[in-house]
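Peer 1:
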Amino acid sequence: MNTLVKYSFDELEDFVESLGEKKFRAKQLFSWIYSKSVSDFDAMSDINKNFRDKLKNSCVILDSKIKKKQVSKDGTIKYLIEFHDGNCAETVLMRFDNRANLSACVSSQVGCYMGCDFCATAKRGFIRNLEAYEILSQILIIQQDTGLKITNVVFMGQGEPLNNYENVCEAIERINKHLNIGIRRVTLSTCGIVPKIRSLCELEFVPTLAISLHCADSNVRKQIMPVECKYNLDELKKVLIYYCDKTGKRVTLEYVLIGSLTDTKEMAQKLCEYIKDLKCNINLIPYNPIGNDKYKKPNKKDVMIFKYLLESQGKKVTIRLERGADIDAACGQLAGKT
Ligand code: SAH
Numbered sequence: 108m109n110t111l112v113k114y115s116f117d118e119l120e121d122f123v124e125s126l127g128e129k130k131f132r133a134k135q136l137f138s139w140i141y142s143k144s145v146s147d148f149d150a151m152s153d154i155n156k157n158f159r160d161k162l163k164n165s166c167v168i169l170d171s172k173i174k175k176k177q178v179s180k181d182g183t184i185k186y187l188i189e190f191h192d193g194n195c196a197e198t199v200l201m202r203f204d205n206r207a208n209l210s211a212c213v214s215s216q217v218g219c220y221m222g223c224d225f226c227a228t229a230k231r232g233f234i235r236n237l238e239a240y241e242i243l244s245q246i247l248i249i250q251q252d253t254g255l256k257i258t259n260v261v262f263m264g265q266g267e268p269l270n271n272y273e274n275v276c277e278a279i280e281r282i283n284k285h286l287n288i289g290i291r292r293v294t295l296s297t298c299g300i301v302p303k304i305r306s307l308c309e310l311e312f313v314p315t316l317a318i319s320l321h322c323a324d325s326n327v328r329k330q331i332m333p334v335e336c337k338y339n340l341d342e343l344k345k346v347l348i349y350y351c352d353k354t355g356k357r358v359t360l361e362y363v364l365i366g367s368l369t370d371t372k373e374m375a376q377k378l379c380e381y382i383k384d385l386k387c388n389i390n391l392i393p394y395n396p397i398g399n400d401k402y403k404k405p406n407k408k409d410v411m412i413f414k415y416l417l418e419s420q421g422k423k424v425t426i427r428l429e430r431g432a433d434i435d436a437a438c439g440q441l442a443g444k445t
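According to our numbering, the sequence shown holds residues 108 to 445 in order.
(1) Answer yes or no: the CB of Val167 versus the heavy atoms of the ligand SAH, is any distance below 7 Å?
(2) With distances taken from CA atoms, which of Glu309, Val167, Lys353 is nearest Met108?
(3) Using beta-carbon positions only, say whether Ala317 and Thr294 come within less than 8 Å of one another.
(4) Using the rule of at least 16 other Cβ atoms within 10 Å of the residue's Cβ for burial, across every protein chain shown, is Lys344 buried or exposed?
(5) Per DSSP, what kind of secondary structure is Thr258 in: helix, strand or coil?
(6) Looking at Asn339: is its Cβ nearer than 8 Å to the Cβ of Ser319?
(7) According to DSSP, simplified to helix, strand and coil, what is Lys386?
(8) Excluding the five sequence neighbours on either side, which residues of its own chain have a C-beta within less than 6 Å of the C-beta of Ile184, listed in chain order?
(9) Compute the distance between the beta-carbons of Asn388 and Glu429, then report whether it is under 8 Å.
(10) Classify Leu368: buried if its beta carbon has 16 or more other beta carbons within 10 angstroms, exposed otherwise.
(11) Taking Gln216 as part of the beta strand (DSSP E), name the residues at either end of that continuous run.
(12) Terminal residues of the continuous alpha helix (DSSP H) containing Arg49?
(13) Just reading off the beta strand (DSSP E) that Tyr402 is part of, what are its end residues?
(14) Just the Cα atoms here: how many angstroms apart are Ser244 and Ser419?
(15) Locate the alpha helix (DSSP H) running through Tyr362, then write down its first and last residues.
(16) Could you pull the DSSP bridge partners for Met201 from this structure?
(17) Arg292 to Ile434, Cα distance in whole Å?
(18) Do you know whose CA, among Gly366, Pro393, Glu361, lies nearest Leu378's CA?
(19) Which word fits Pro302, buried or exposed, when buried means at least 16 other C-beta atoms lie within 10 angstroms of its C-beta?
(20) Please list, in chain order, all residues of the same chain as Met374 whose beta carbon is under 6 Å from its beta carbon, the five residues on each side excluded.
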C-alpha cells in the first residue's frame, strides 16, 4: 500500500496520473488531506466514486494510528501513536483557556540517546528516528481526531530533534507549507547540540529556538545532562548569540527547577550571570516526578524567589503551566508506555 502523506505535491501528481486520473485531482486530494484533515476517502465529496474506489484499493492516507488516547482534566489530550513498524511515541495537544492557540507537541524520535538524568524518555533509550512524514502525521492525526486546526507546533515530545536533523528540517518545511503554520509558530527545543544549532541559522525558514538549559553551573549541569561534557555552556552561549544576531529573534531558555539542586539562590545568580548579554526569555519548569525519584519538586516559595531574582535582571520570565500531569503528559514524562 502507498501512503499519501509520504508524497510531495509533485509526487502526488505522478501517483494520481499512475491511477489514470487527471493531474488536477492531486490538488483536490492535497486539500482534503492537509486543509480539511479527512481520514476517509468517502468524505472527499468532490471526488467521484470510481476514483475513490481506486484510492481505497491502492493507498492509505496515513500509516500510523492512535493506539491510546487520554484526556486530562485540564483539557490536554495525550495520544500514543503507533507507527507502521509497531513502535510508539506520544503526541500531546495543549489548549489554553485564555488563548486561541492550539499547540501540538510532537515527537521527533522514538526514545532518545541524550541521557538527561531527570527525563523519562531518556530512561527508555534510543529506538529510532522518525521520518518527516511521521512527524507530520502526528499533527494530522490530532486534526482528524478533534476536527480542530493546530496553530502552533513545538518539538518537545520524545527525542532530541537535532539528532534527527534532516528529517526534522523537512518536517518543519512541510508543516509550514502544507499545514500553513507560520514559521514563528514552530518551536524547536534542544538540549544544545551546538553545531546543529549553527546549521539551523542558515535555513531559509528558521524556527523559534528553545534551549533546555536547566542549569548555568557547568559541573552541576554535567551531572544531570551528559550533553554538557560534549558541548559546554560557553560554546552554547556563543552559538545562541550567533542565532540571535543572525535571525533577529530571541531564544527561549527552558529551566527545570529541581528542588534543592537547580532552584537555589546561588543557581539563580549563576543563571543571571549567564544570560546577562543574551536576548532571551526564560521559561521555568517545575520538575515533574518520573517514578524512581532521585530528584524532587521545588517548593512554591523557591519557585517565586527564583523568578523574582531573574526578573530583577529585566528578563521576561514565565512559569510553564503543568499540563496533563494527571495523565503523565507533562514535560519529561513521555516514555511510550502502553
Ligand atoms: N530533547 C529536546 C526536546 C525535549 S523537550 C530537549 O531536550 O529540549 C522536553 C522538555 O522537558 C525539555 O526541556 C526537558 O529537559 C524537559 N524535561 C525533561 N524531563 C523533565 C521533568 N521530569 N520535569 C520537567 N521537565 C522535564
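A virtual CB, placed ideally from N, CA and C, is assigned to each residue, including glycine. All values reported here derive from a predicted model rather than from experimental measurement.
Peer 2: For this structure:
(1) no
(2) Val167
(3) yes
(4) buried
(5) In this structure, Thr258 counts as coil in the three-state DSSP scheme.
(6) The answer is no: Cβ separation not under 8 Å.
(7) Reduced to three states, the DSSP call for Lys386 is coil.
(8) Val178, Leu200
(9) no
(10) So Leu368 counts as buried.
(11) 216-218
(12) The requested residue 49 does not occur in the structure, where the chain is confined to residues 108 to 445.
(13) Run containing Tyr402: none; DSSP gives neither H nor E here.
(14) Between the alpha carbons of Ser244 and Ser419 lies a gap of roughly 43 Å.
(15) That residue, Tyr362, is in no alpha helix (DSSP H); its beta strand (DSSP E) goes 358-364.
(16) Ser210
(17) 26 Å
(18) Glu361
(19) exposed
(20) No residues qualify anywhere along the chain.
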